[in-house]
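Which chain is which? The protein sequence lines are A and B, in order.
Per numbering that gives the first Met the number 0, residue 0 is the first one in the first sequence, and the count goes up by one each step.
Per numbering that gives the first Met the number 0, residue 0 is the first one in the second sequence, and the count goes up by one each step.
Beta carbons are placed, not taken as given, at the ideal position from N, Cα and C, and that holds for glycine.
Just so we're clear, the structure is a prediction, and the values are computed from it rather than from any experiment.
All remarks here apply to the structure that follows.
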Amino acid sequence: MNKILTPFLVFFLLTSFTEDKNQFIARQGQVSFFSYASMENIEAKNNQVLSILDLKNKKIAISMLMRAFVFKKDLMYEHFNESYVESDIYPKATFEGDIINFDASLKEQTKMIKGKLTIHGITKEIEIKTTIEKKENKYVLFGEANVFVKDFDIKIPPILASNIAQMITIKFRFQYQSYEE
Amino acid sequence: MKNKKTHQLLIVLFLIVNCSINAQDLLEKLNQEFPDTPVYEIATFKTTRIGLGHSIETRKKGALQISLYNRYWNFPTPRSERFLADKVSSRYGLEYAFSDNFTAGLGYTNFDEISDGFLKYRLLKQQKNNKKRYVSITLVQGFSHRTNLANKDQFAFTSQALIARKINRDFSLQISPTFIHKQATLADIDPKSQFAIGFGGRHKIGGHTAIVSEYYYVANPLKSIDTYNAFMVGLNWEVGDLMVQLQVTNARNFAEDTFITQTAHNFNFKDPNLHFGFNVTFLLHTNKKK
Numbered sequence: 000m001n002k003i004l005t006p007f008l009v010f011f012l013l014t015s016f017t018e019d020k021n022q023f024i025a026r027q028g029q030v031s032f033f034s035y036a037s038m039e040n041i042e043a044k045n046n047q048v049l050s051i052l053d054l055k056n057k058k059i060a061i062s063m064l065m066r067a068f069v070f071k072k073d074l075m076y077e078h079f080n081e082s083y084v085e086s087d088i089y090p091k092a093t094f095e096g097d098i099i100n101f102d103a104s105l106k107e108q109t110k111m112i113k114g115k116l117t118i119h120g121i122t123k124e125i126e127i128k129t130t131i132e133k134k135e136n137k138y139v140l141f142g143e144a145n146v147f148v149k150d151f152d153i154k155i156p157p158i159l160a161s162n163i164a165q166m167i168t169i170k171f172r173f174q175y176q177s178y179e180e
Numbered sequence: 000m001k002n003k004k005t006h007q008l009l010i011v012l013f014l015i016v017n018c019s020i021n022a023q024d025l026l027e028k029l030n031q032e033f034p035d036t037p038v039y040e041i042a043t044f045k046t047t048r049i050g051l052g053h054s055i056e057t058r059k060k061g062a063l064q065i066s067l068y069n070r071y072w073n074f075p076t077p078r079s080e081r082f083l084a085d086k087v088s089s090r091y092g093l094e095y096a097f098s099d100n101f102t103a104g105l106g107y108t109n110f111d112e113i114s115d116g117f118l119k120y121r122l123l124k125q126q127k128n129n130k131k132r133y134v135s136i137t138l139v140q141g142f143s144h145r146t147n148l149a150n151k152d153q154f155a156f157t158s159q160a161l162i163a164r165k166i167n168r169d170f171s172l173q174i175s176p177t178f179i180h181k182q183a184t185l186a187d188i189d190p191k192s193q194f195a196i197g198f199g200g201r202h203k204i205g206g207h208t209a210i211v212s213e214y215y216y217v218a219n220p221l222k223s224i225d226t227y228n229a230f231m232v233g234l235n236w237e238v239g240d241l242m243v244q245l246q247v248t249n250a251r252n253f254a255e256d257t258f259i260t261q262t263a264h265n266f267n268f269k270d271p272n273l274h275f276g277f278n279v280t281f282l283l284h285t286n287k288k289k
């Protein structure tokens, strides 16, 4: 009995510890968003976005603090956090999804990522076209997506409707390295 | 037999542990990666003044704030003839943020012909989830100048320590110990140095609207004339770079040393005691981040 079981146990132990080798992390991912409205253009940048790329399961997860977005005008920062995304109640925006037909060995590939985007406490299914590049033992992932403000229950007073676009463009770029580094 | 059971138990255990590691939520894993940086409370008050006096807020570096404060009031009925208001007092103000923590400002009021200025420094900022940084503290040094009837210059100085706490996302409170020193007084029996304490509060009633109130208690009031403690209740509303304050108050003057110590009317709805305040503040960003 012992002889049959031991290899199994060793195998399970190994698989549980090799997990991290298939996971790559980006600690300084960049996410920016743009709102082009008739009255003004608004742009904000976050350079501290975290993301994990799981090669084995072809999964990706992204998490960012709303407070880390930097605006050109400081009152915009205040309005964004206080009145729109309410970052004291919903401090983070997250994304979790699957990279469809991802091949970890390719040097460059453009794939669809299908997953759940959570902003302002509201989760939406979205699909994002993404380019993934492999450089030595690093992965770079970038692309852009469009989201509608009203999908995430963000209320804009009518007087400011011409200052904020209904559709926001989100751009992202992540550089992943293996977990141990 | 006993050995076999232990082994089965071990297998199950390993399977569970193994599965849970594999299936460990990637987002959960990311949550542990966030660096532990302090998070400062923002927008304890939206405006740099609660209504009458300063709030702990200053603007960020490079911001130029242009303000126009108005108070309207009527004479008692027999003399009241105008359509809207008999009298108006206006203060034109400018303030510039030299850094995120330091602001200087100037103003002129046409009614009492007082020029005033102030230096404002943010000493401490309240942090989220940090018991040691329970409150925000801002220091304000104000000074004002007027000429008396004999055409002589008169200066007055106001020192304030503003202590505020954002209690929850809607409610903020401020306590402002104040020391006022005047070069000259109205009469010899009046104290040259006066102590006062201000209480201010804000309650948000919407994303862009808040109800605010302020009260100043004077510990050693003037003796030569009857004065009352200044009180204000109002509505603050902000859209974009424009901030509007609507208020009712008994204070007619704008410089700290006058409205705190020389408010000659009690707060009630009889003319000429009721003052309607309308403040407009506009923010210009002279230093845009790239």
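Per DSSP, Ile259(B) lies in no beta strand (DSSP E); the unbroken alpha helix (DSSP H) holding it starts and ends at Glu255 to Thr260. Taking 8 Å as the cut-off between beta carbons, the residues of the segment 140-158 of chain A near chain B are Lys154, Pro156 and Ile158, in sequence order.
Inclusion of Met231(B) and Gly61(B) in the CB contact set at 7 Å is not warranted, their separation being larger than that value. Not a single CB atom of chain A sits nearer than 7 Å to the CB of Lys165(B). Residues of chain A with a Cβ closer than 9 Å to the Cβ of Leu93(B) do not exist, since the nearest Cβ in that chain sits about 17 Å away. For the pair Gly106(B) and Lys137(A), the Cα-to-Cα distance works out to about 58 Å. Contact of Gly206(B) with chain A is assigned, a C-beta pair being separated by under 7 Å. By the criterion of at least three beta-carbon pairs nearer than 8 Å, the segment 152-159 of chain B is in contact with the segment 176-195 of chain B.
In this structure, Ala163(B) sits away from Phe194(B), with a CB-CB distance that is not shorter than 7 Å.
At a cut-off of 7 Å between beta carbons, Ser31(A) makes no contact with chain B. For Arg168(B), the neighbours in chain A by C-beta distance under 9 Å run, in chain order, Glu81, Glu85, Asp87 and Ile88. Cβ proximity to chain A below 8 Å picks out Val38, Ile41, Ala42 and Lys45 from the segment 38-51 of chain B. In terms of Cα proximity to Ala263(B), the closest of Asn249(B), Thr36(B), Asn73(B) and Arg201(B) is Asn249(B). Counting along the chain, Asn45(A) sits inside the beta strand (DSSP E) bounded by residues Asn40 to Asp53. Asp97(A) is bridged by DSSP to Lys58(A) and Lys113(A). Taking the C-beta atoms as reference points, Asn46(A) is found nearer than 7 Å to Gln27(A). Neighbours of Phe33(B) in chain A, taken as residues at a C-beta separation under 8 Å, are given in chain order as Leu49, Ser62 and Leu64. Around the CB of Asp256(B), 16 or more other CB atoms lie within 10 Å, so the residue is classed as buried. Any Cβ of chain B closer than 7 Å to the Cβ of Lys72(A) would place that residue at the interface, and such an atom is present. Chain-order list of chain A residues neighbouring Lys130(B): empty, with the shortest C-beta distance near 18 Å, by a criterion of under 7 Å. When the beta-carbon positions are compared, His284(B) and Lys72(A) come within less than 7 Å of each other. Per DSSP, Met65(A) lies in no beta strand (DSSP E) segment and is marked neither H nor E. Annotation: Cβ neighbours of Asp53(A) in chain B (cutoff 7 Å, chain order): Leu25. Inter-residue distance for Phe97(B) and Ala103(B) is about 8 Å (C-alpha atoms, whole angstroms).
Around the beta carbon of Thr137(B), a 10 Å sphere encloses 16 or more other beta carbons of the protein chains shown; the residue is thus reported as buried. Taking the Cα positions, Asp169(B) is about 15 Å away from Tyr89(A). For Thr93(A), the closest Cβ of chain B is nearer than 7 Å.
At least one beta carbon of chain B lies nearer than 7 Å to the beta carbon of Glu77(A). Less than 7 Å separates the beta-carbon of Ala25(A) from that of Ser50(A).
Taken through DSSP and simplified to helix, strand or coil, Phe170(B) comes out as strand.
Rounded to the nearest angstrom, the gap between the Cα atoms of Asn228(B) and Gln125(B) is 29 Å.
For Asn21(A), the three-state secondary structure derived from DSSP is helix. Around Asn162(A), the beta-carbon contacts reaching into chain B at under 7 Å are Gly239.
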